[in-house]
Amino acid sequence: MEWQQIEYFRVVARLQHITNAAEVLSLSQPALSRSMAKLEEELGVPLFERQGRTIKLNQYGQLFLDRADRIMKEFQEVKQEIQDLLDPDFGEISLGFMPTLGTYLIPSLVRSFQAEYPNVKFRFKQNGNDSLLKHLEAGEIDFCLVSSTPDTKQIHWTELWKEELFLIVPADHRLAHYESVTLREIADETFVLLEKGNGIRGITDRLFQEAGINPEITFEGEEVHTIVAFVTAGLGVTLIPDFKGIDWNRVSRIRIRSSNSYRVIGLARVEGRYISPAAKRFYQFIKDYFIN
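Taking our numbering, the leading residue of the sequence shown gets 281, the next gets one more, and so forth.
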């Protein structure tokens, strides 16, 4: 059965006249009759009752017409949806980002973009660095903002900005009034850190390793504000960037004297994979926002 046969059948069913239908379809009458006969042969039942030059749908024909109309409606809808996806003023964008970016950056970026393109829809996935890269490789998101350079040739990564990491201690800590410290100076501290798989945790582990420190870690959490709450309660110290939303009156932020105490945020996508025009536009929007 061919798609064209279904379209021909719907015209014949509505006009109930082969000759008239052939004229509407710009076909010869014998060609249209052969197409209807082939359709009936494939279905194994007659679809029409023939009365001279006119024809009338039988019960099988009416059932097939109902289904054919439904199929054509679905086809037109999905066709329109695909066209919308291909229209950069509409379409859908799937974006992944780290939890630490969700409280300030992502809402601001999306709001700015939708002010120009209000009909574009977004789907979001918030997760740690490693998980986001897996979602990206699996084709579940168009691109993502991550804090480490992927170690695969398949993924193209563009650096956007750097964030300095600070030592965060309780306000009454012995180091609270220091302007800066070395990692060796805090080697004996108790640490509360983000869990493994988080981009910041990967950086802190590297810093400790480079300094020859084996830190005592009493808690590993998923979320920055939980970590800071533990620090505020005097349950340890941590290393994180300067995030918005943290009550700096209850903790102290101290610079680390190390050339590597920062994280790099970049935009990752799969090299050569198709993304919609709307997604391409937002990808460039993010790059322009930071690079230009």
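Note that beta-carbon positions come from the ideal geometry of N, C-alpha and C, so glycine has one too.
Note that this is a predicted model, so its numbers are computed, not measured.
Annotation: residue 370 is outside any alpha helix (DSSP H) and is labelled neither H nor E by DSSP.
Uninterrupted alpha helix (DSSP H) stretches at least 4 residues long and entirely within the segment 403-450 occur at 409-417, given in chain order.
Between residue 328 and residue 335, the C-beta gap is smaller than 8 Å, which places the two residues in contact. In the structure shown, residue 315 adopts helical secondary structure according to DSSP, grouped into three states. The C-beta distance from residue 501 to residue 408 rounds to 12 Å, too long to fall under 8 Å, and the pair is not in contact. DSSP places residue 479 in the uninterrupted alpha helix (DSSP H) bounded by 479-491. Residue 543 is a Cβ neighbour of residue 443, given a cutoff of 8 Å.
Sequence-distant Cβ neighbours of residue 531 in its own chain, meaning closer than 8 Å and more than five residues away, are 448, 449, 450, 451, 508, 511 and 512. Here residue 457 carries a coil assignment [DSSP, helix/strand/coil].
Note on the segment 290-341: whole alpha helix (DSSP H) runs with a minimum of 4 residues are 298-305 and 309-323, in chain order.
Its Cα nearest to that of residue 515, the residue 472 stands out among 559, 428, 472 and 306. Residue environment: residue 456 is assigned as exposed (fewer than 16 neighbouring CB atoms within 10 Å of its CB, all protein chains considered). The distance from the Cβ of residue 425 to that of residue 545 is about 6 Å, consistent with a contact at the 8 Å cut-off. Of all C-beta pairs linking the segment 478-485 to the segment 546-561, fewer than three are shorter than 8 Å, placing the two stretches out of contact. When the five nearest sequence neighbours on each side are left out, the beta carbons in the same chain lying within less than 6 Å of the beta carbon of residue 404 are those of 375, in order along the chain.
Note on residue 323: under 16 other CB atoms within 10 angstroms of its CB, so exposed under the neighbour-count rule.
A straight-line Cα-Cα distance of about 54 Å links residue 565 and residue 300.
Residue pairing by DSSP places residue 531 opposite 450 in a beta bridge. For residue 488, the closest of 536, 458 and 454 by C-alpha to C-alpha distance is 536.
For residue 550, the secondary structure class from DSSP, reduced to helix, strand or coil, is strand. DSSP lists 448 as the beta-bridge partner residues of residue 518.
Counting every other CB atom within 10 Å of its CB across the protein chains shown gives residue 366 a total below 16, marking it as exposed. Between residue 503 and residue 398, the beta carbon gap of about 31 Å keeps them out of contact (Cβ cut-off 8 Å). According to DSSP, residue pairing for residue 543 in a beta bridge involves 443. Residue 469 carries a coil assignment under DSSP once its states are collapsed to helix, strand and coil. Taking C-alpha positions only, residue 461 is separated from residue 547 by approximately 31 Å. Per DSSP, the beta-bridge partners of residue 499 are 472. The criterion of a C-beta distance shorter than 8 Å is satisfied by residue 550 and residue 435.
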